[in-house]
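The next block holds one structure in the form of structure tokens; read it before the comments.
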């Protein structure tokens, strides 16, 4: 019976299992450049720049005037400096894109009289406007009442001083 204990059964079971976990599939690296280029041609979309609007700019750490100290300053503990690098890179990209769009003659600003389609109906917006006007009127009334009270207090104070 001791041979059939749980521990011995488990040991027998484990010893009979082929060592699947120990065997690792060996991955042979293949650098099939021709095949990769063919696949790239298959999936690549040949669109004009205006359809993609992709811009590539060098970050300030990649530029030739940056030194090793700048790279060290952008490590994980320097969040603000890293955020400023992201901001400056994005700003440079937008500036570059605007110049390119302007060169192509594409407008980048909406006309002053442009009104976008509203998600809410005009009737709903009228109700909202009425509520806002009512709130404004209530505030004005309370301010007037407060001012009248102050005037009465000042008037009584002046009368007391005279008598």
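Residue numbers (the numbering used here): 15 to 177.
Positions of the beta carbon are idealized from the N, C-alpha and C atoms, including for glycine.
Of the choices the options, whose alpha-carbon is the least far from that of residue i?
i	options	result
residue 118	168, 169, 125 and 62	62
Roughly how many angstroms lie between the CA atoms of residue i and residue j, to the nearest whole one?
i	j	result
residue 140	residue 60	48 angstroms
residue 121	residue 158	50 angstroms
residue 66	residue 50	23 angstroms
residue 130	residue 124	10 angstroms
residue 104	residue 149	42 angstroms
residue 173	residue 167	10 angstroms
residue 20	residue 38	30 angstroms
residue 127	residue 138	22 angstroms
residue 171	residue 162	14 angstroms
residue 152	residue 146	10 angstroms
residue 169	residue 101	60 angstroms
residue 142	residue 155	20 angstroms
residue 46	residue 97	39 angstroms
residue 42	residue 52	21 angstroms
residue 175	residue 164	16 angstroms
Quick one: measure Cβ to Cβ for residue i and residue j, integer angstroms, because I've assumed they're closer than 8 angstroms.
i	j	result
residue 71	residue 110	6 angstroms
residue 99	residue 135	Not really, about 46 angstroms apart at Cβ, beyond 8 angstroms.
residue 178	residue 69	Shown here, the chain extends from 15 to 177; a query on residue 178 therefore has no answer.
Please check if any C-beta of chain C sits within less than 8 angstroms of the C-beta of residue i.
i	result
residue 131	In summary, chain C is missing from the structure at hand, where a single protein chain is found.
So is residue i buried or exposed if we call it buried at 16+ other beta carbons inside 10 Å?
i	result
residue 78	A caution first: residue 78 carries a pLDDT of 49, below 50, which makes its placement in the model unreliable, though a value can still be read off. By the 10 Å Cβ count, residue 78 comes out exposed.
Could you check whether the Cβ of residue i sits closer than 7 angstroms to any heavy atom belonging to the ligand NAP?
i	result
residue 142	The ligand content of the structure shown is nil, which means the ligand NAP is not present either.
- Counting only runs of 3+ residues fully inside the stretch 41-126, write out the beta strand (DSSP E) ranges in chain order. none
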